[in-house]
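One structure is given below, encoded as structure tokens.
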Amino acid sequence: SQTIHQWPATLVQPVGSPLSLECTVEGTSNPNLYWYRQAAGRGLQLLFYSVGIGQISSEVPQNLSASRPQDRQFILSSKKLLLSDSGFYLCAWSLGLAGLGTDTQYFGPGTRLTVL
Amino acid sequence: SQELEQSPQSLIVQEGKNLTINCTSSKTLYGLYWYKQKYGEGLIFLMMLQKGGEEKSHEKITAKLDEKKQQSSLHITASQPSHAGIYLCGAAYSGAGSYQLTFGKGTKLSVIP
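Line order of the protein sequences matches chains A and X. Residue numbering for the first sequence follows our numbering, beginning at 5 and increasing consecutively. Residue numbering for the second sequence follows our numbering, beginning at -19 and increasing consecutively.
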């Protein structure tokens, strides 16, 4: 069966420090991978998605970047964190095109990021 | 305005009572996904609806998609404390990008023993 891991589970970082969040998927090949941010009162916002190694699409302009160095590894990064980067970051995977209603996105346990 | 509206925002019910959560879209849906989230945890997939008039059930939870594919409801029968959490609907729209789901803001459900 497929599993998705995220780490760290929680992170407290000072403003201006770098960030690296990691997501890995097991039990499947060539998944589509997603990074979402969940902020209080704002719902779930798609940040990046990737359909293959080295292929990244950004949905919103921001202080963050994503990379996919391996098939089942997705990394969210920042060079300098802002206060507004605080939130709950969720990684997800799917095999097909969830946006067409033909496949399901499965979510990881999330990372709680607090920027002070 | 929000494309996907969930109601109510929060709900407190007595254990054993039935309840319904609604998800309304301003546009026709290609698919509608229901998830459950415990505070501070990831989303757990419940059900996906794709066809107008479709209805699916899992244990005591039933989800329906209306014929016009613009509204979905999630019904819980004989609620239990284990049903407590945040329920989110996610919508798949044509033209919104094949990989993107648009999520509602969630309905927070509390079940009082």
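Backbone N, C-alpha and C fix where the C-beta goes; we use that ideal spot for every residue, glycine too.
{"Check": "On a Cα-Cα basis, can you pick out the residue from A:112, A:116, A:77 that is closest to residue 25 of chain X?", "Outcome": "A:112"}
{"Check": "Using three-state DSSP, classify residue 61 of chain X as helix, strand or coil.", "Outcome": "helix"}
{"Check": "Below 8 Å on the Cβ atoms is my guess for residue 95 of chain A versus residue 10 of chain A; work out the distance and round it to an integer in Å.", "Outcome": "5 Å"}
{"Check": "One question on the structure: do residue 48 of chain A and residue 38 of chain A come within less than 8 Å of each other, judged by their Cβ atoms?", "Outcome": "no"}
{"Check": "What in chain X is Cβ-close to residue 113 of chain A, meaning under 7 Å?", "Outcome": "21, 22"}
{"Check": "Identify, in the order they occur along the chain, each residue of the same chain with its Cβ nearer than 7 Å to the Cβ of residue 74 of chain A, setting aside the five sequence neighbours on each side.", "Outcome": "57"}
{"Check": "Spell out whether any CB of chain A is found under 8 Å from the CB atom of residue 51 of chain X.", "Outcome": "no"}
{"Check": "Please classify residue 54 of chain A: does DSSP put it in a helix, a strand, or coil?", "Outcome": "strand"}
{"Check": "Alpha carbon to alpha carbon, what distance is there between residue 89 of chain A and residue 53 of chain X?", "Outcome": "33 Å"}
{"Check": "Under 8 Å between C-beta atoms, does residue 93 of chain A make it to chain X?", "Outcome": "no"}
{"Check": "Can you pull the chain X neighbours of residue 109 of chain A, defined as C-beta to C-beta under 7 Å?", "Outcome": "81"}
{"Check": "Does chain A have any CB closer than 8 Å to the CB of residue 18 of chain X?", "Outcome": "no"}
{"Check": "So, does the stretch 1 to 19 of chain X touch the stretch 63 to 70 of chain X, judging by three or more C-beta pairs under 8 Å?", "Outcome": "yes"}
{"Check": "From the DSSP output, in three-state form, read off residue 104 of chain A for me.", "Outcome": "helix"}
{"Check": "Quick check: what's the CA-CA separation for residue 97 of chain A versus residue 29 of chain A?", "Outcome": "8 Å"}
{"Check": "Is the distance from the Cβ of residue 88 of chain X to the Cβ of residue -13 of chain X below 8 Å?", "Outcome": "no"}
{"Check": "Residue 86 of chain X touches chain A at which residues, Cβ-Cβ below 8 Å?", "Outcome": "47"}
{"Check": "For residue 30 of chain X, which residues from the same chain have a beta carbon less than 7 Å from its beta carbon, with the 5 sequence-adjacent residues on both sides left out?", "Outcome": "11"}
{"Check": "I need the DSSP call for residue 23 of chain A, collapsed to helix, strand or coil.", "Outcome": "strand"}
{"Check": "Return the residues of the stretch 61 to 78 of chain A that lie within a Cβ-Cβ distance of less than 9 Å from chain X, sorted by chain order.", "Outcome": "61, 63"}
{"Check": "Scan the stretch 55 to 67 of chain X for residues whose Cβ lies nearer than 9 Å to a Cβ of chain A and list them as they occur along the chain.", "Outcome": "none"}
{"Check": "Which residues share a DSSP beta bridge with residue 43 of chain A?", "Outcome": "A:47"}
{"Check": "Does any residue of chain X bring its CB to less than 8 Å from the CB of residue 99 of chain A?", "Outcome": "no"}
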